[in-house]
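Engineer: Numbers 1 to 233, taken from UniProt numbering, label the letters of the sequence shown in order.
C-beta atoms are modelled at their ideal positions from N, C-alpha and C, and glycine is treated no differently.
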Amino acid sequence: MSQSAFHSALLAPDAPVPPGLVDPKGRPAGKRFDVYRNNVVVSLSEALAEAFPVIKGIVGEAFFSALAGQYVRQHPPRDPRIATWGGSFAGFLASFPPVAHLPYLPDVARLEQARRESYHAADSTPANPATITPQSRFALAPSVRLVQSPYPIHAIWRFTRGEGPKPEPQAQSVLVTRPGYDPQLTLLAPEAPAFLAGLAAGETLEEATPDGFDITETLTALLSGGALTEPQP
1 MSQSAFHSAL LAPDAPVPPG LVDPKGRPAG KRFDVYRNNV VVSLSEALAE
51 AFPVIKGIVG EAFFSALAGQ YVRQHPPRDP RIATWGGSFA GFLASFPPVA
101 HLPYLPDVAR LEQARRESYH AADSTPANPA TITPQSRFAL APSVRLVQSP
151 YPIHAIWRFT RGEGPKPEPQ AQSVLVTRPG YDPQLTLLAP EAPAFLAGLA
201 AGETLEEATP DGFDITETLT ALLSGGALTE PQP
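(1) Report all residues from its chain with a CB closer than 6 Å to the CB of Ser173; omit the five preceding and five following residues, and keep chain order.
(2) When you compare the CB positions of Ser43 and Ser65, do they come within less than 8 Å of one another, or not?
(3) Determine the direct distance from the alpha carbon of Ser136 to that of Ala130, and round the result to whole angstroms.
(4) Going by other Cβ atoms of all chains shown within 10 Å of its Cβ, with 16 needed for buried, is Arg81 buried or exposed?
(5) How many angstroms separate the CA atom of Arg110 from the CA atom of Pro134?
(6) Taking Leu196 as the reference, which of Leu93, Gln170, Val144 has the closest Cα?
(7) Exposed or buried, Asp107, counting other C-beta atoms within 10 Å across all chains shown (16 or more means buried)?
(8) Report buried or exposed for Pro169, applying the criterion of at least 16 other Cβ atoms within 10 angstroms of its Cβ.
(9) Under the three-state reduction of DSSP, which class applies to Arg116: helix, strand or coil?
(10) Please determine, among Val54, Phe89, Ala83, Leu219, the residue with the shortest C-alpha to C-alpha distance to Ala68.
(11) If you count every other CB in all the chains shown that lies within 10 Å of the CB of Lys166, and 16 or more means buried, which is it?
(12) Along the alpha helix (DSSP H) that carries Arg158, what are the first and last residues, could you check?
(13) Determine contact between the region 49–59 and the region 69–78, defined as no fewer than three beta-carbon pairs at a distance below 8 Å.
(14) Under three-state DSSP, which class holds Met1?
(15) Between the alpha carbons of Ala127 and Gly162, how many angstroms are there, rounded?
(16) If you run the structure through DSSP and keep just helix, strand and coil, what is Ser124?
(17) Whose CA, out of Gly87, Ala227, Ser95, Phe96, lies closest to the CA of Ala200?
(18) Helix, strand or coil for Leu188? Go by DSSP, reduced to three states.
(19) Using beta-carbon positions only, say whether Ser224 and Pro183 come within less than 8 Å of one another.
(20) Is the beta carbon of Gly225 within less than 7 Å of some heavy atom of the ligand MN?
(21) Just the Cα atoms here: how many angstroms apart are Val99 and Glu206?
Structure below.
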């Protein structure tokens, strides 16, 4: 019995027990394998629910369980570190017909994935606000993520968590930062993504600022979130 055959059968509920699989006493291990197979899928589905709690909150526990089972079988982990698994979940949702009536769902999943990535990103030294001038240049911290959507993903995220009112239709851009070790989400002004893109491209603070855009609120969010590294000469 090859390892690939075992792995394939493990995630396929209708697949036969791999030939040659026996228990410690040499008896066919069909029933034991079925129990183990079910436990693996359940454990991975629970891990996915922990990683994407807002998606689970939107679709409901029963539906998420069925959805997760499909995802587990189509996109099984390739790395023993389960914390890195789930990066393709948003893409899976975008092509999963049963949730086609929830077109915002993939972008909400992208937002939740961005929080996970931010949490596990490398540490960096934040910029000192006292040294910043209009000519300062920055690099964005490894923990920074920007998620843009034609849907109100920040409002949906807060509403589902019981933290905000019912979302109104609008496009939203969300900044993910990690002050300390806790990722936080900040709703950005429409001009802010262009400002961030300029900073990431090496422009000075002055050069990156779009005409007529007051950067005060965005810059405060970046600095308080540890999103900017020390100014580069």
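Structural biologist: Let's see:
(1) If the five residues before and after Ser173 are omitted, its C-beta is found closer than 6 Å to the C-beta atoms of Gln148, Leu188, Pro193, all from its own chain and listed in chain order.
(2) Their beta carbons are not under 8 Å apart, which means Ser43 does not touch Ser65 by this criterion.
(3) In a straight line, the C-alpha of Ala130 is about 11 Å away from that of Ser136.
(4) Counting C-beta atoms within 10 angstroms of its own C-beta, Arg81 has fewer than 16 neighbours from the protein chains shown and is therefore classed as exposed.
(5) One C-alpha to the other measures close to 33 Å.
(6) Considering only alpha carbons, the answer is Val144.
(7) So Asp107 counts as buried.
(8) Classification of Pro169: exposed, given that the 10 Å Cβ count is below 16.
(9) The answer is helix: DSSP assigns Arg116 an H, G or I state.
(10) The shortest CA-to-CA distance from Ala68 to any of Val54, Phe89, Ala83, Leu219 is the one to Phe89.
(11) The residue in question, Lys166, is exposed, as its Cβ has fewer than 16 Cβ neighbours within 10 Å.
(12) 153–160 is the extent of the alpha helix (DSSP H) around Arg158.
(13) Fewer than three beta-carbon pairs drawn from the region 49–59 and the region 69–78 are found closer than 8 Å, and the two stretches are therefore not classed as touching.
(14) Reliability fails at Met1, whose pLDDT of 43 lies under 50, so the model's placement of it is uncertain and no value is given.
(15) The straight-line gap from Cα to Cα measures roughly 34 Å.
(16) Three-state result, Ser124: coil.
(17) Nearest to Ala200 by alpha-carbon distance, out of Gly87, Ala227, Ser95, Phe96, is Ala227.
(18) Reduced to three states, the DSSP call for Leu188 is coil.
(19) Against a cut-off of 8 Å, the Cβ pair of Pro183 and Ser224 comes out as no contact.
(20) Absence of the ligand MN is noted for the structure shown, with no ligands found whatsoever.
(21) It is roughly 44 Å from the alpha-carbon of Val99 to the alpha-carbon of Glu206.
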